[in-house]
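Before any comments, here is the structure.
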Amino acid sequence: MARINDNYLKLKAGYLFPEISRRVGEFSRRNPEAKLIRLGIGDVTRPLVPAVVEAFHQGVEEMARAETFHGYGPEQGYPWLAEVIAEKAYRPLGVELDISEIFISDGAKSDTAGILDIFDQANRVAICDPVYPVYNDTNVMAGRTGEPDENGHYQGLVYLPCTRENDFTPAIPEEKVDLIYLCYPNNPTGAVATKEQLAAWVDYATKNRAVILFDAAYEAFVTEPGIPRSIYEIEGAKKCAIEFRSFSKTAGFTGVRCGYTVVPKELIGTAGDGSEVSLNQMWNRRQCTKFNGVSYPVQKAAAAVYSDEGWLQVMEVIKYYLDNAKIIRKGLSAAGITCYGGTNAPYIWLLTPEGMKSWDFFDRLLAECHVVGTPGSGFGPAGEGYFRLSAFGDRENVEEAVDRIRSRWGN
Ligand code: MLT
7 MARINDNYLK
17 LKAGYLFPEI
27 SRRVGEFSRR
37 NPEAKLIRLG
47 IGDVTRPLVP
57 AVVEAFHQGV
67 EEMARAETFH
77 GYGPEQGYPW
87 LAEVIAEKAY
97 RPLGVELDIS
107 EIFISDGAKS
117 DTAGILDIFD
127 QANRVAICDP
137 VYPVYNDTNV
147 MAGRTGEPDE
157 NGHYQGLVYL
167 PCTRENDFTP
177 AIPEEKVDLI
187 YLCYPNNPTG
197 AVATKEQLAA
207 WVDYATKNRA
217 VILFDAAYEA
227 FVTEPGIPRS
237 IYEIEGAKKC
247 AIEFRSFSKT
257 AGFTGVRCGY
267 TVVPKELIGT
277 AGDGSEVSLN
287 QMWNRRQCTK
297 FNGVSYPVQK
307 AAAAVYSDEG
317 WLQVMEVIKY
327 YLDNAKIIRK
337 GLSAAGITCY
347 GGTNAPYIWL
357 LTPEGMKSWD
367 FFDRLLAECH
377 VVGTPGSGFG
387 PAGEGYFRLS
397 AFGDRENVEE
407 AVDRIRSRWG
417 N
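Residue numbers for the sequence shown follow the numbering used here, so the first one is 7 and each next one is one higher.
Structure, rendered in structure tokens:
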């Protein structure tokens, strides 16, 4: 009989969002009349913008004619999309990238998971707590951990707590780690990092020859001037960081699937025999073997995000979500609920009323207000007592949800 990967048995029963869906499904079956408002998973609700839709259509039309048909594309993505990204997403930040450093993919989730392929098991890994569960769970699946302790922390990983006591800013580890996951603007807390804070991480990584895995999936939501949108805005970061970005939240691609990962050529890892190896070449090798690229029409649609027209349209949608975030934050704060985030991120991170446990608040919010959110403890033990609301809902629903919560918990 085939042996399974036992590491999967160490994981909690289900991934966070399917578990939420399961509970919500059960509630809906018992209460079919309840009008649920879903502010749980960070899934967008606004449609694709017109410039993107037009390019998507054109891509499909080209696929429909023999003379413009495309079969397999490059595993790394079409160069014209990488060129647009280098020019429009990075050059304005003062960051120069070669197109061979940009790998187009189906999104940041797959890449933050897949990147582990190119790193040795023995690496010591640091992640924040609370954290996007993919970073934690993929390391468990890869066998880099022992069993979880009674708090849910896995032996072998270094957890960096982010709570209101430290302004949701992880302290630089005192011990030596080799891989560090950072996500800014942060999911789930909505916190951002200043240039000085990121520079301290780059300094740590450089001194310890560590690699920062920087998830910038929410960079388009940064509103405050001076807050970095890319780790490469920090001097020296190209030598120590891989950056993941996504069109999902930037341009409504959660159901379309497109993102990209930047692996600079200057980034070097060490092999078992002590020799130095280019991580760019390794990721390229990995992608060529395990990935066949993103579909042509999707890449056409993604390139249109960076057209002048497309970018204006996309920015309007981002403003819409950020206005939702303001409505949630203002409404709940006025009701006496302590809220964080929501200014440079589409997530509001709140302290549960009456000091409730996160899942207890989830159940009560669902049962009493018919509103779905995400329990903070689902992102890690340090998220206990917190709760996340997503600002990706539509305006009417967001306003209604805030009214329902205020009338139930307002003081
Ligand atoms: C979230 O709600 O945290 C995100 O939607 C998850 C994701 O992007 O995979």
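Cβ atoms here follow ideal geometry from the backbone N, Cα and C, with glycine treated the same way.
The shortest C-alpha to C-alpha distance from Asp-49 to any of Gly-316, Lys-255 and Val-208 is the one to Lys-255.
Looking from the CA of Val-378, the closest CA among Lys-201, Val-404 and Pro-194 belongs to Val-404. Between the segment 354-361 and the segment 386-404, the count of Cβ pairs shorter than 8 Å is three or higher; the stretches touch. If you ignore the 5 residues before and after Ala-92, its C-beta comes within less than 7 Å of the C-beta of Leu-103, Ile-105 and Ile-108, all in its own chain and listed in chain order. If you look at Arg-414, you'll find it in the alpha helix (DSSP H) that goes 401-415. For Tyr-138, the distance from the CB to the nearest heavy atom of the ligand MLT is below 7 Å.
Counting the other Cβ atoms within 10 Å of the Cβ of Tyr-78 gives fewer than 16, which makes it exposed. Per DSSP, the continuous beta strand (DSSP E) segment holding Ser-396 begins and ends at 392-396. Checking the 7 Å criterion, the Cβ of Ile-47 is within range of a heavy atom belonging to the ligand MLT. About 7 Å separates the Cβ atoms of Ile-411 and Ala-341, confirming a contact at the 8 Å cut-off. For Pro-154, the closest of Leu-17, Glu-374, Pro-381 and Ala-307 by C-alpha to C-alpha distance is Leu-17.
Distance from the C-beta of Asn-193 to the nearest heavy atom of the ligand MLT is below 7 Å. For Val-164, the uninterrupted beta strand (DSSP E) segment begins and ends at 163-167. Bounds of any beta strand (DSSP E) do not take in Asp-112, whose DSSP letter is neither H nor E. Around the beta carbon of Asp-314, fewer than 16 other beta carbons sit within 10 angstroms, so the residue counts as exposed. Scanning its chain for C-beta atoms nearer than 6 Å, with the 5 sequence neighbours on each side dropped, one finds around Phe-220 the residues Leu-188, Ile-237, Ala-247 and Glu-249, in chain order.
Distance between Ala-205 and Glu-230, taken at the CA atoms: about 18 Å.
At least one heavy atom of the ligand MLT lies less than 7 Å from the C-beta of Lys-115. Cβ contact annotation for Glu-68 (same chain, cutoff 6 Å, sequence separation greater than five): Thr-74, in chain order. DSSP places Glu-89 in the helix class (H, G or I) of the three-state scheme. Just measuring C-alpha positions, the residue of Val-59, Leu-99, Pro-270 and Ile-110 sitting nearest Ser-284 is Pro-270. When only Cα atoms are considered, Lys-182 and Arg-130 end up about 8 Å apart. Straight through space, the alpha carbons of Tyr-353 and Arg-52 are spaced by roughly 16 Å. By the beta-carbon neighbour count (other beta carbons within 10 angstroms, threshold 16), Leu-45 is buried. Residue environment analysis places Glu-225 among the buried positions, since at least 16 neighbouring C-beta atoms fall within 10 angstroms of its C-beta. Remark: C-beta atoms of Ala-197 and Thr-175 approach each other more closely than 8 Å. DSSP places Gly-348 outside both helix and strand once states are collapsed to three, so it counts as coil. Relative to the ligand MLT, Ser-111 has its C-beta separated by 7 Å or more from all heavy atoms.
Boundaries around Phe-23 are those of the alpha helix (DSSP H), 22-36, since no beta strand (DSSP E) includes it. Val-55 places its beta carbon less than 8 Å from that of Val-320. Within the segment 39-118, the beta strand (DSSP E) runs of at least 3 residues that lie entirely inside it are, in chain order, 108-111. If you draw a straight line from the Cα of Leu-338 to the Cα of Gly-416, it comes to about 8 Å.
Contact check for Ala-388 against Asp-173 fails: the beta carbons are separated by 8 Å or more.
For Cys-134, DSSP records a beta bridge to Leu-166. In the structure shown, Ser-236 falls within a coil segment according to DSSP collapsed to helix, strand and coil. By alpha-carbon distance to Met-362, the top candidate from Val-101, Gly-348, Lys-306 and Ile-343 is Ile-343.
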